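> The listed protein sequences correspond, in order, to chains A and B. All residue numbers for the first sequence refer to the numbering used here, where the first residue is 1 and numbers rise by one. All residue numbers for the second sequence refer to the numbering used here, where the first residue is 1 and numbers rise by one. Dumping the structure here so I can ask a few things about it.
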Amino acid sequence: MDGRLTLTVVTPERALLQGVACDEVTLPAWLGELGVLPGHTPLIALLGIGVVGYRDGARRAALAVRGGFVEIAGDAVRILADEAAAPEAIDGAKASAEKAEAESRRGHAAGDEELDAANADARFAEARLAVLRPA
Amino acid sequence: MANLIDIRRRIRSVKNTQQITKAVKMVAASKLRRSQDRAIASRPYATALEAILRSVASRVPPKEDGTPLHPLLATREEKSVVLLVVSGDKGLAGGFNTNVNRAVTTFLREAEGRGVASVRLVTLGKKANDFWRRRPVEILEARMGLAGLGVAPTAEIGRSLAARFVSGEADAVYVVSNEFRSAISQVVRTKRLLPIALESATAAPADPDYLYEPSPGEILGILLPRFLEFQMYRVVLESQAAFFAAQMTAMDSASKNAGDMIDSLTLIYNRARQARITKELIEIVSGAAALE
């Protein structure tokens with residue numbers, strides 16, 4: 001172990017995490033789940049929709065993110081999300097309702113664009129629910 | 001000598017006005033606080049986004065046929081220009097809206113001088129629309145109710161401007177808005193939004209050798225529109241903060257002026273009252289003297 005990661009998560013509206021030290025980060029990259037340990041290759045990638053998990057010693061925490069970019073340089077992991085939600089800001093009932101609503105929209109979506117939007121909404125709602133559930 | 005009742009009435013009316021200006025000032029101060037916080041909260045994202053954009057842009061190889069890397073970077077001769085005018089929804093803010101409209105007038109005159117065939121407006125905020133609607137300029141879109149505008153609606157505006165630019169309907173997009181300097185200073189600025197200028201891209205310092213997922217070109221294709229959308233968000237945030245700052249200063253001096261006016265009116269009132277009492281006394285005294 002040559003060091004620890006520092007994780008930063010920002011959205012246009014606010015900074016959720018700024019330089020939080022942790023040992024491991026998992027994030028939804030464009031092409032699939034990406035695990036980051038200290039000493040990772042520098043990387044710039046698109047961010048998908050899902051759960052960003054980070055571990056500090058034995059303590060684990062997670063955030064839900066939706067789209068954006070991730071930059072890994074040295075031991076700094078910077079996530080620029082379009083939207084992000086910390087567990088304390090998530091309303092479980094609301095997320096479930098949004099999920100159900102998005103899924104019903106998926107059922108009768110006209111055109112690819114609407115289908116993509118419904119899918120994205122459903123996945124973001126799912127990610128928020130996943131963050132709420134204790135791992 | 002002015003009538004006592006009249007003066008009293010005027011004092012009361014100025015007091016009412018002062019109450020309003022004071023109330024507006026307080027509201028503006030608290031809203032200024034909030035929009036300043038929002039502007040500050042968006043700063044980390046701004047820095048990070050610009051860093052990524054620079055790094056990605058420097059990695060995208062220029063195309064062989066000399067075409068720009070992305071449609072949003074295409075520089076064309078400016079024949080048809082869209083000007084985004086960001087004003088406030090309300091008045092009582094000193095020169096805030098007037099300054100914007102004046103800057104637009106300057107822009108129109110200048111554009112004509114440069115040989116731009118047409119300038120069309122997209123107005124944000126009620127005041128700009130009210131002003132330009134009655135003038136011989138085409139307004140493409142008018143949006144109002146800027147107050148609580150979040151990321152999504154401003155991104156929408158950015159997308160619609162980008163669509164106009166890419167389709168060739170506009171050769172360039174400019175924005176006129178108030179920039180927030182401090183609580184007492186707002187500056188109207190005219191900036192070019194599109195095509196996006198990547199001046200420092202080529203001169204980027206040697207970054208670590210990044211891996212890109214997907215390719216730099218594809219990332220750039222997503223980054224640029226996002227960058228534009230975010231710029232829109234910043235412009236609206238800044239304009240909001242500047243608006244409340246302008247309103248606060250304007251209402252502060254209005255309250256002060258009202259206070260001065262009340263003081264001087266009170267002085268006149270007291271003098272008039274004194275004069276009347278003196279006159280009455282003289283009448284009584286001289287009446288008594290006549291009886292002796």
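Virtual Cβ for every residue (Gly too), placed ideally from N, Cα, C. Note that this is a predicted model, so its numbers are computed, not measured.
1. The alpha helix (DSSP H) with GLU283/B in it runs from where to where?
2. Enumerate in chain order the residues of its own chain whose CB-to-CB distance from GLN18/A is below 7 Å, with the five nearest sequence positions on each side excluded.
3. Just reading off the beta strand (DSSP E) that ASN3/B is part of, what are its end residues?
4. Can the beta-carbon of THR249/B be found less than 8 Å from the beta-carbon of ILE184/B?
5. Residues in its own chain within less than 6 Å of ASN101/B by CB, not counting five upstream and five downstream?
6. Please state the DSSP three-state secondary structure of LEU69/B.
7. Does DSSP classify ALA201/B as helix, strand or coil?
8. Does the region 94-112 of chain B come close enough to the region 49-59 of chain B to have 3 or more Cβ pairs within less than 8 Å?
9. Compute the distance between the beta-carbons of ILE90/A and ILE52/B, then report whether it is under 8 Å.
10. Distance cutoff 8 Å, beta carbons only. Does GLU213/B sit that close to anything in chain A?
11. Run the CB neighbour count on LYS127/B, radius 10 Å, all protein chains shown included, and call it buried at 16 or more, exposed below.
12. Taking just the CA atoms, how far does ALA29/B sit from ALA203/B?
13. With distances taken from CA atoms, which of VAL173/B, GLU179/B and VAL27/B is nearest LEU73/B?
14. Nearest-angstrom Cα distance between ARG123/A and GLY88/B?
15. Can you find a CB in chain B that lies within less than 8 Å of the CB of PHE69/A?
16. Going by other Cβ atoms of all chains shown within 10 Å of its Cβ, with 16 needed for buried, is THR123/B buried or exposed?
17. What are the complete beta strand (DSSP E) segments, minimum 3 residues, inside the region 41-74 of chain A?
18. Using the rule of at least 16 other Cβ atoms within 10 Å of the residue's Cβ for burial, across every protein chain shown, is PRO62/B buried or exposed?
19. DSSP three-state label for LYS25/B, please.
20. Mind checking PRO195/B: buried by the 16 CB within 10 Å criterion, or exposed?
21. Please classify LEU267/B as buried or exposed, where buried requires at least 16 other C-beta atoms within 10 Å of its C-beta.
22. Using a Cβ-Cβ cut-off of less than 7 Å, give me the residues of the region 104-134 of chain B that come near chain A, in sequence order.
23. Within 8 Å (strictly less), CB to CB, does ALA29/A reach chain C?
24. Going by CA-CA distance only, name the one from VAL65/A, ARG59/A, ASP56/A and GLY35/A that's closest to VAL131/A.
25. Can you tell me whether LYS191/B is helix, strand or coil according to DSSP?
26. For ASP82/A, name the three-state secondary structure that DSSP assigns.
With the structure as the only source:
1. Along the second sequence, one-based indexing puts residue 283/B at 283. 216-291 is the span of the alpha helix (DSSP H), which, as asked, contains GLU283/B.
2. Locating residue 18/A in the first sequence gives position 18, counting from the first residue. If we look at GLN18/A and ignore the five residues flanking it on each side, its Cβ neighbours are THR8.
3. Mapped onto the second sequence, residue 3/B falls at position 3. Careful: ASN3/B lies outside any beta strand (DSSP E) and carries neither H nor E.
4. Within the second sequence, numbered from 1, the residue matching residue 249/B stands at position 249. Within the second sequence, numbered from 1, the residue matching residue 184/B stands at position 184. In this structure, ILE184/B lies closer than 8 Å to THR249/B by Cβ.
5. Here residue 101/B corresponds to residue number 101 of the second sequence, with the count starting at 1. The answer, listed in chain order, is PHE131.
6. Residue mapping note: residue 69/B aligns to position 69 of the second sequence, counting from 1. LEU69/B falls in the coil class under three-state DSSP.
7. The residue given as residue 201/B occupies position 201 in the second sequence. Any reading at ALA201/B needs caution, since the residue's pLDDT is 48, under 50, leaving its predicted position unreliable; the model's value is listed next. The answer is helix: DSSP assigns ALA201/B an H, G or I state.
8. These segments do not touch.
9. For the purposes of this step, residue 90/A is taken as residue 90 along the first sequence, with counting starting at 1. For the purposes of this step, residue 52/B is taken as residue 52 along the second sequence, with counting starting at 1. No; because the gap between Cβ atoms is not below 8 Å, this pair is not in contact.
10. Counted from its first residue, the second sequence places residue 213/B at position 213. At least one chain A Cβ lies under 8 Å of GLU213/B.
11. Position 127 of the second sequence, counted from the first residue, corresponds to residue 127/B. With 16 or more other Cβ atoms within 10 Å, it is buried.
12. Against the second sequence, residue 203/B aligns to sequence position 203. Against the second sequence, residue 29/B aligns to sequence position 29. With a pLDDT of 46 at ALA203/B, under the threshold of 50, the predicted position of this residue should be treated as unreliable, and no value is reported.
13. By one-based count along the second sequence, residue 73/B stands at place 73. Ranking VAL173/B, GLU179/B and VAL27/B by Cα distance to LEU73/B puts VAL173/B first.
14. For the purposes of this step, residue 123/A is taken as residue 123 along the first sequence, with counting starting at 1. For the purposes of this step, residue 88/B is taken as residue 88 along the second sequence, with counting starting at 1. ARG123/A and GLY88/B: Cα-Cα distance of roughly 37 Å.
15. For this step, residue 69/A is matched to residue 69 along the first sequence. So yes, PHE69/A belongs to the interface.
16. Working through the second sequence from its first residue, we reach residue 123/B at position 123. Buried, since its Cβ has 16 or more Cβ neighbours within 10 Å.
17. 43-56 and 59-73
18. Position 62 of the second sequence, counting from 1, holds the residue named residue 62/B. Exposed.
19. The residue you call residue 25/B lines up with position 25 of the second sequence. Of the three classes helix, strand and coil, the one that applies to LYS25/B here is helix, per DSSP.
20. Locating residue 195/B in the second sequence gives position 195, where the first residue counts as 1. PRO195/B is buried by the Cβ-count criterion.
21. Here residue 267/B refers to the residue found at position 267 of the second sequence. LEU267/B comes out exposed.
22. none
23. In summary, chain C is missing from the structure at hand, where the protein chains are A and B.
24. Translated into positions along the first sequence, residue 131/A becomes position 131. The candidate whose alpha carbon is nearest that of VAL131/A is VAL65/A.
25. Here residue 191/B corresponds to residue number 191 of the second sequence, with the count starting at 1. Note: LYS191/B maps to strand in three-state DSSP.
26. By 1-based counting over the first sequence, the position of residue 82/A is 82. Reduced to three states, the DSSP call for ASP82/A is strand.
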